[in-house]
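The block underneath contains the structure these notes are about, expressed in structure tokens.
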């Protein structure tokens with residue numbers, strides 16, 4: 026994912042400027058962003074303070090790490106089940122023979 030050139034605090038500041046009465050086009054021109062970028066930020070960060078945005082980023086990172094851990098543990102679990110299954114088949118065949 027592309028890294029924004031604006032920090033969360035700057036994004037909140039930009040959103041607050043429009044909330045304070047400035048025109049969206051004017052603010053977008055000043056900061057060199059598209060209207061679409063502004064509205065994407067507004068849908069994601071609208072009504073938040075800088076500390077809220079920081080917490081959101083922390084939670085998103087934690088979620089990403091937990092998903093990665095889950096994927097790794099799921100693979101480990103599947104591998105162990107396969108090993109146990111093969112081990113049981115091997116022990117049955119050696120007892121029968």
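In our numbering, the protein residues as written are 26 to 122.
Glycine included, every Cβ here is placed at the ideal spot set by N, Cα and C.
{"Item": "May I ask which residues mark the beginning and end of the alpha helix (DSSP H) holding residue 31?", "Value": "That residue, residue 31, is in no alpha helix (DSSP H); it is neither H nor E in DSSP."}
{"Item": "Out of 36, 41, 79 and 86, state which residue places its alpha-carbon closest to the alpha-carbon of residue 66.", "Value": "36"}
{"Item": "Is the number of C-beta pairs between the segment 82-100 and the segment 50-67 that are closer than 8 Å three or more?", "Value": "no"}
{"Item": "Check residue 73 in the structure and name its three-state DSSP category.", "Value": "coil"}
{"Item": "So, helix, strand or coil for residue 116, using DSSP?", "Value": "helix"}
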